[in-house]
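So the structure is just underneath, and the comments pick up after that.
Residue numbers (the numbering used here): 1 to 216.
Structure follows, in structure tokens:
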């Protein structure tokens, strides 16, 4: 059997200029890796992530995409549905900015996500660009870089998803919406001086407390 030396064949083809040019893949939005930084105020760093739950009686999964302010721990906005696409992530982001009354020209938060399909999509990248937002994606297999939203998801799983047997999507919506209101307004964080995220955020605005900065 004739043995072909692939390296020699490749070199010959290259010398004869008969190789087809490789297609260049254009990246619409170059990936910016997340880096640790000092956090000392609200609206400085927001983390986004997706979590799914199970509806027992309909044998379906539902999805919750949330955005958390790393400094004050508020879940500023979230999506809840039987699917979660890039357009839903874009809507949540715009809604969060509106709730915090943030617009172009102001000091805007950095948005940190993992590498899920919603976040690497062209639509999400274009949305961040149009809003003048810095989008960071954490390196693969480094969930600790998204520690605050991961911590919230653990709380959500323990206190909401696991203690309920969901009967329908309507039931999911009722239970989760009620829990989200509880989390923001009444759930006490040890890291926030035993205040709820809403109370902590209000205290920051009124300058009645002086919290310490930290690295995230």
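Quick reminder that beta carbons are idealized off the backbone N, C-alpha and C, glycines included.
What residue range is occupied by the uninterrupted beta strand (DSSP E) comprising residue i?
{"i": "residue 47", "result": "45 to 55"}
{"i": "residue 77", "result": "75 to 81"}
So what does residue i bridge to, in DSSP terms?
{"i": "residue 195", "result": "189"}
{"i": "residue 60", "result": "55"}
{"i": "residue 110", "result": "45 and 134"}
{"i": "residue 38", "result": "215"}
{"i": "residue 69", "result": "46"}
{"i": "residue 102", "result": "Partner(s): none; residue 102 has no beta bridge."}
Do residue i and residue j have their CB atoms nearer than 9 Å?
{"i": "residue 111", "j": "residue 82", "result": "no"}
{"i": "residue 55", "j": "residue 171", "result": "yes"}
{"i": "residue 86", "j": "residue 48", "result": "no"}
{"i": "residue 70", "j": "residue 45", "result": "yes"}
{"i": "residue 97", "j": "residue 176", "result": "no"}
{"i": "residue 43", "j": "residue 109", "result": "yes"}
{"i": "residue 73", "j": "residue 200", "result": "yes"}
{"i": "residue 62", "j": "residue 166", "result": "yes"}
{"i": "residue 136", "j": "residue 50", "result": "no"}
{"i": "residue 76", "j": "residue 95", "result": "yes"}
{"i": "residue 216", "j": "residue 209", "result": "no"}
What distance in whole Å lies between the Cβ atoms of residue j and residue i, which are believed to be in contact at a cut-off of 8 Å?
{"i": "residue 155", "j": "residue 145", "result": "The pair is not a contact, with the Cβ atoms about 19 Å apart (cut-off 8 Å)."}
{"i": "residue 68", "j": "residue 120", "result": "At roughly 20 Å, the Cβ-Cβ gap does not stay under 8 Å, so residue 68 and residue 120 are not in contact."}
{"i": "residue 168", "j": "residue 57", "result": "7 Å"}
Is residue i close to the ligand SAM? I mean its beta-carbon at under 8 Å from any heavy atom of the ligand.
{"i": "residue 140", "result": "Of the ligands one can find in the structure shown there are none, so the ligand SAM has no counterpart to examine."}
Could you give the first and the last residue of the continuous alpha helix (DSSP H) run that contains residue i?
{"i": "residue 86", "result": "86 to 99"}
*Quick one: which unbroken beta strand (DSSP E) runs of 3-plus residues sit fully inside the region 130 to 174? Chain order, please.*
134 to 137
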